[in-house]
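Numbering (our numbering), first residue to last: 275 to 892.
Input: a single structure, listed below in structure tokens.
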């Protein structure tokens, strides 16, 4: 095949899923000439699974993406069908926004944004080889012979690498929803030094909503909750409801009677699947004593009758799927429009990448999204944004953006990936963050926007909104730290049955159980402040003691993070290190003493040995 030049670019992004979109937009907005290569223009930002954004811990990621100038939050707000706040009965640290989005509208909106972004070109085609010269990226070869010359490459291929779908006895070379797979790039990645593994995920059937008896199901309306994006002052409008139903003993019997035809149990599937989002057959087998499992019926869009059946992901044969879905209350006469399937795909070992998401063995080569072994649109988008920023920063000569575990959920996720690796599809959870009280979703902009406020990622409009909110939050905190007049304080305490003597601040009253709405009404404070500012000020006051304790823990941890480890350190030559520690340290090659201590297999005694070595080998 004759080759030809597709042009010269600064950065090439392979893939146009949620990671690829954020990566391409970030690098282009930072002024780098960018090209995005996709197998199919119709799959840009495609939601192959549930068309929802956010959820537990994932909502935090979306807010952080927005704070750093990403696109996902804006797109979710603009295409939301229903929004809710999860975990409202729990503390603010684990409360998370979630939006059910319009699948087709989300794709169209993101495609429009990309097409109208300066410095960005989109090409439909398959990447077959990453070209290098002297240990550094120099281009990408396409399946039609095009050579894209570039100085950096971001691989964001999602679940398309050597993808195969499995339904019962049928296995097909296919990407999600019938899109073509990428069959040639894995070989190039292996030659470059990547260790490749095989992961699996799955999706449930889509039903014709006209054949579902929603009257037998529990209706679930949206709530009056804030928008994802900090630039949107009004909450998204709730347009369509969701519904809840349950599996039953008949459903479970159908599954158990047909396990011999289930690819997960007959040996057809051997790859590693997501532990936190199991198939319905896995749930039935694993939890045999559970009488029923919750199922959510969620709209796929305003312009379609397709209904997503969350909680019933499966790879059972088509005939069993019909029986299984129709055994559920409300679905007795349902028609399947798209059958469920499992999908296997190639991904890489993330111990081979730096916290910048750059590959350790080839300069200028970055990976982001499900190729890094993660699951979920939000995890992918967050990595894509960081990879795009760091690829651009690297070419611009700026210091990389590396977020700490104390700064962002994004920092927690990336640190987990590059320090611990992913032996199964990685999903972000609030329990993974040791400083969750410091990483609330309402403070994402206050924590992260200052890190990129001097770049084109933050538009003039966004900068103005941020600076006003930052000022208002600081002023609101000062007001709550003030003291009311003693007579009014006594009157308020008596009226609302609060304990405490004189001299209490408004913040003290909040910690004693007073509601901010009552304080504002009784004392006439915080007039003219937005609801988001008041909520942030109230939460900060309520958890002040915990926040101070958290900051002390962060300061202690930073002392280890500040101690840098040489990248070429010979751990085998350090006496006192256990054999397992030498092996693990040599594999991961941590950048700091703090990162070394988080590596599985490296214990506190090993960290002490490294501290002594650093002290004696300055």
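Quick reminder that beta carbons are idealized off the backbone N, C-alpha and C, glycines included.
As the structure is a computational prediction, the values presented were derived from the model and not from experiment.
**OP:** Taking 8 Å as the threshold, find out whether the stretch 592-601 comes into contact with the stretch 418-425 through three or more Cβ pairs.
**Re:** no
Original post:
What is the DSSP secondary structure of residue 861, reduced to helix, strand or coil?
Top reply: The residue given as residue 861 occupies position 587 in the chain shown. Per DSSP, reduced to three states, the secondary structure at residue 861 is helical.
Original post:
Under a three-way DSSP split, which group does residue 672 fall into?
Top reply: Along the chain shown, one-based indexing puts residue 672 at 398. The answer is coil: DSSP assigns residue 672 none of H, G, I, E or B.
Original post:
How many Å lie between residue 373 and residue 880 at the Cα?
Top reply: For the purposes of this step, residue 373 is taken as the residue at position 99 of the chain shown. For the purposes of this step, residue 880 is taken as the residue at position 606 of the chain shown. Answer to the nearest angstrom: the Cα atoms are 45 Å apart.
Original post:
Which of helix, strand or coil does DSSP assign to residue 229?
Top reply: No information on residue 229 is available, as it lies outside the stretch 275 to 892 that the chain covers here.
Subject >> Whether residue 622 touches residue 411 by CB criterion (8 Å) >> reply: Position 348 of the chain shown, counted from the start, is the residue given in the question as residue 622. Position 137 of the chain shown, counted from the start, is the residue given in the question as residue 411. No, these two residues do not count as a Cβ contact at 8 Å.
**OP:** Give, in chain order, every unbroken run of the alpha helix (DSSP H) that is at least 4 residues long and sits entirely within the stretch 297-375.
**Re:** 332-341 and 346-353
**OP:** Determine which residues share a DSSP beta bridge with residue 627 and list them.
**Re:** For the purposes of this step, residue 627 is taken as the residue at position 353 of the chain shown. 633, per the DSSP bridge assignment.
**OP:** Would you mind giving the Cβ-Cβ distance between residue 577 and residue 482, rounded to the nearest angstrom? I have them listed as a contact below 8 Å.
**Re:** Here residue 577 refers to the residue found at position 303 of the chain shown. Here residue 482 refers to the residue found at position 208 of the chain shown. Contact between residue 577 and residue 482 is ruled out by a C-beta separation of about 14 Å, above the 8 Å threshold.
Original post:
Does the stretch 517-536 touch the stretch 367-382, meaning 3 or more C-beta pairs lie closer than 8 Å?
Top reply: no
**OP:** List the DSSP bridge partners of residue 620.
**Re:** Translated into the one-based positions of the chain shown, residue 620 becomes position 346. The partner list for residue 620 (beta bridge, DSSP) reads 472.
Original post:
Does the beta-carbon of residue 334 have 16 or more other beta-carbons within 10 angstroms, so that it is buried, or is it exposed?
Top reply: Against the chain shown, residue 334 aligns to sequence position 60. Classification of residue 334: buried, given that the 10 Å Cβ count is 16 or more.
**OP:** Taking only the alpha-carbon atoms, compute the straight-line gap between residue 489 and residue 520 and give it to the nearest angstrom.
**Re:** On the chain shown, residue 489 is found 215 positions in, with the first residue counted as 1. On the chain shown, residue 520 is found 246 positions in, with the first residue counted as 1. Those two C-alpha atoms are separated by around 14 Å.
Original post:
Could you give the distance in angstroms between the alpha-carbon of residue 431 and the alpha-carbon of residue 877?
Top reply: Your numbering for residue 431 matches position 157 in the chain shown. Your numbering for residue 877 matches position 603 in the chain shown. Each residue's Cα considered, the two are about 35 Å apart.
Original post:
How far does the beta strand (DSSP E) with residue 796 in it reach, from first residue to last?
Top reply: Sequence index remark: in the chain shown, residue 796 carries index 522 (1-based). Note, residue 796: premise wrong, no beta strand (DSSP E); alpha helix (DSSP H) at 790-797.
Subject >> Coil, strand or helix - residue 719 by DSSP >> reply: Residue mapping note: residue 719 aligns to position 445 of the chain shown, counting from 1. Helix.
Original post:
Can you give the Cα-Cα distance for residue 866 and residue 886, rounded to whole angstroms?
Top reply: Indexing the chain shown from 1 puts residue 866 at position 592. Indexing the chain shown from 1 puts residue 886 at position 612. Straight through space, the alpha carbons of residue 886 and residue 866 are spaced by roughly 14 Å.
Subject >> For residue 731, the nearest candidate out of 634, 660, 369 and 395 (CA to CA) >> reply: Walking along the chain shown from the start, residue 731 turns up at place 457. Taking each of 634, 660, 369 and 395 in turn and checking the Cα distance to residue 731, the smallest one comes out for 660.
Original post:
Do you know whose CA, among 440, 415 and 459, lies nearest residue 434's CA?
Top reply: In the chain shown, residue 434 corresponds to position 160, counting from 1. Of 440, 415 and 459, the residue nearest in Cα terms is 459.
**OP:** Using beta-carbon positions only, say whether residue 582 and residue 480 come within less than 8 Å of one another.
**Re:** As a first step, residue 582 must be located in the chain shown, where it is residue number 308. As a first step, residue 480 must be located in the chain shown, where it is residue number 206. With a cutoff of 8 Å on beta-carbon distance, residue 582 and residue 480 are scored as near each other.
Original post:
When you compare only the Cα positions, how much space is there between residue 699 and residue 801?
Top reply: Working through the chain shown from its first residue, we reach residue 699 at position 425. Working through the chain shown from its first residue, we reach residue 801 at position 527. Whole-angstrom Cα-Cα distance: 47 Å.
**OP:** Return the CA-CA distance between residue 641 and residue 656, expressed in angstroms with no decimal places.
**Re:** Numbered from its first residue, the chain shown carries residue 641 at position 367. Numbered from its first residue, the chain shown carries residue 656 at position 382. Their Cα atoms are separated by approximately 12 Å.
**OP:** May I ask you to report which of helix, strand or coil DSSP gives residue 547?
**Re:** What you label residue 547 is simply residue 273 of the chain shown in a count that begins at 1. In the structure shown, residue 547 falls within a coil segment according to DSSP collapsed to helix, strand and coil.
**OP:** My understanding is that residue 568 touches residue 547, with C-beta atoms under 8 Å, so please give their C-beta distance in whole angstroms.
**Re:** Taking the first residue of the chain shown as 1, we reach residue 568 at position 294. Taking the first residue of the chain shown as 1, we reach residue 547 at position 273. No, residue 568 and residue 547 are not in contact; Cβ-Cβ is about 20 Å, not under 8 Å.
Subject >> residue 540, buried or exposed, once every other Cβ within 10 Å from all chains shown has been counted against 16 >> reply: The residue you call residue 540 lines up with position 266 of the chain shown. The residue in question, residue 540, is exposed, as its Cβ has fewer than 16 Cβ neighbours within 10 Å.
Subject >> Expected contact under 8 Å - CB spacing of residue 341 and residue 722 to nearest Å >> reply: Numbered from its first residue, the chain shown carries residue 341 at position 67. Numbered from its first residue, the chain shown carries residue 722 at position 448. Residue 341 to residue 722, Cβ: 4 Å. Contact.
Subject >> Beta-carbon contacts of residue 812 that lie in its chain and below 7 Å, excluding the five residues immediately before and after >> reply: Along the chain shown, one-based indexing puts residue 812 at 538. For residue 812, where only same-chain residues beyond five positions count, the Cβ hits under 7 Å are 784 and 790.
**OP:** Run through the stretch 363-432 for me and flag every whole beta strand (DSSP E) of 3 or more residues, listed as ranges in chain order.
**Re:** 370-375, 394-398, 401-407, 410-416, 420-423 and 426-429
Original post:
Would you say the stretch 457-474 touches the stretch 542-558, given that touching needs at least three Cβ pairs under 8 Å?
Top reply: yes
Original post:
In the DSSP assignment, what residue or residues form a beta bridge with residue 583?
Top reply: Looking up residue 583 in the chain shown gives position 309. Paired residues: 571.
Subject >> Spatial distance of residue 669 from residue 417 (CA atoms) >> reply: As a working note, residue 669 is residue 395 in the chain shown. As a working note, residue 417 is residue 143 in the chain shown. Each residue's Cα considered, the two are about 27 Å apart.
**OP:** Check the C-beta distance from residue 357 over to residue 499 and give it rounded, since I have them as a contact under 8 Å.
**Re:** For this step, residue 357 is matched to residue 83 along the chain shown. For this step, residue 499 is matched to residue 225 along the chain shown. 5 Å between Cβ atoms; contact.
Original post:
Which residue comes first and which comes last in the alpha helix (DSSP H) that contains residue 600?
Top reply: Position 326 of the chain shown, counting from 1, holds the residue named residue 600. Run containing residue 600: 592-600, per the alpha helix (DSSP H) assignment.
**OP:** Can you give me the Cβ contacts of residue 612 inside the same chain, cut-off strictly under 8 Å, excluding the 5 residues immediately before and after it?
**Re:** Within the chain shown, residue 612 is the residue found at index 338, counting from 1. So the list reads 451, 479, 480 and 580, once near-sequence residues are dropped.
Subject >> Proximity to residue 606 [Cα-Cα], best of 726, 484 and 688 >> reply: Translated into positions along the chain shown, residue 606 becomes position 332. The shortest C-alpha separation from residue 606 is found at 484.
Subject >> Three-way DSSP call (helix, strand, coil) for residue 884 in this model >> reply: Locating residue 884 in the chain shown gives position 610, where the first residue counts as 1. Helix at residue 884.
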